[in-house]
Amino acid sequence: MTISTLTTLNLELCSCTAVRIPTARAHSESIVALFDKPVDIAAARKALEEAPGVKLVDDIDNLKYPMPLTANGQYDVEVGRLRRNIAFDNALEFFVCGDQLLRGAALNAVLVAEAMVKNGSLKAKNAM
């Protein structure tokens with residue numbers, strides 16, 4: 003998942019923690035993304051709200067945050083618990099949950115390949 007996160011977000015450095023617990027079918031990750039300059043949390047929130055395939059779930063006061071149970075059966079990946087990293091000024095921390103069958107490796111590989119074809123970093127071959 004780290005490689006697909008790096009590719010999808012166009013990041014050079016990213017640290018992920020996958021926690022394996024018994025869930026029906028959703029994966030979860032705690033991610034620390036390191037950027038060239040400090041990240042504005044409001045701008046990050048806006049970018050995530052507008053990102054295709056992402057559902058921002060980040061209202062801690064009302065106990066709304068990504069959970070494997072709520073990500074189960076959803077095509078979109080839940081992202082939340084956005085915060086600055088206390089060790090690195092240029093880092094953003096967030097938590098992600100996604101249905102491994104609907105938005106897992108196979109679909110994610112197709113979506114990454116389509117994005118790469120669209121931005122020109124991967125050339126599509128004609129079928130024989």
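Under our numbering, the first residue of the sequence shown is numbered 3, with each subsequent residue one higher. Built from N, CA and C at the ideal position, the CB exists for glycine as well.
Smallest Cα separation from residue i: which of the options?
i          : options           : result
residue 30 : 90, 72, 53, 113   : 72
residue 89 : 36, 27, 111, 64   : 36
residue 50 : 116, 94, 115, 125 : 94
Within the same chain, show all residues whose beta-carbon is closer than 8 Å to that of residue i, passing over the 5 residues directly before and after it, in chain order.
i          : result
residue 97 : 30, 31, 32, 33, 67, 68, 81, 82, 83
Check the DSSP bridge columns for residue i and list the partner residues they point to.
i          : result
residue 28 : 101
residue 61 : 66
residue 93 : 36
residue 85 : 95
residue 79 : 56
Does any residue of chain B bring its CB to less than 8 Å from the CB of residue i?
i          : result
residue 41 : The chain labelled as chain B is not found in the depicted structure, where only one protein chain is given.
Whole angstroms are fine: how far does the CA of residue j sit from the CA of residue i?
i           : j           : result
residue 105 : residue 45  : 25 Å
residue 103 : residue 113 : 14 Å
Query raised in the report: Is there contact here, the region 81 to 89 with the region 56 to 64, by at least three beta-carbon pairs under 8 Å?
Result: yes
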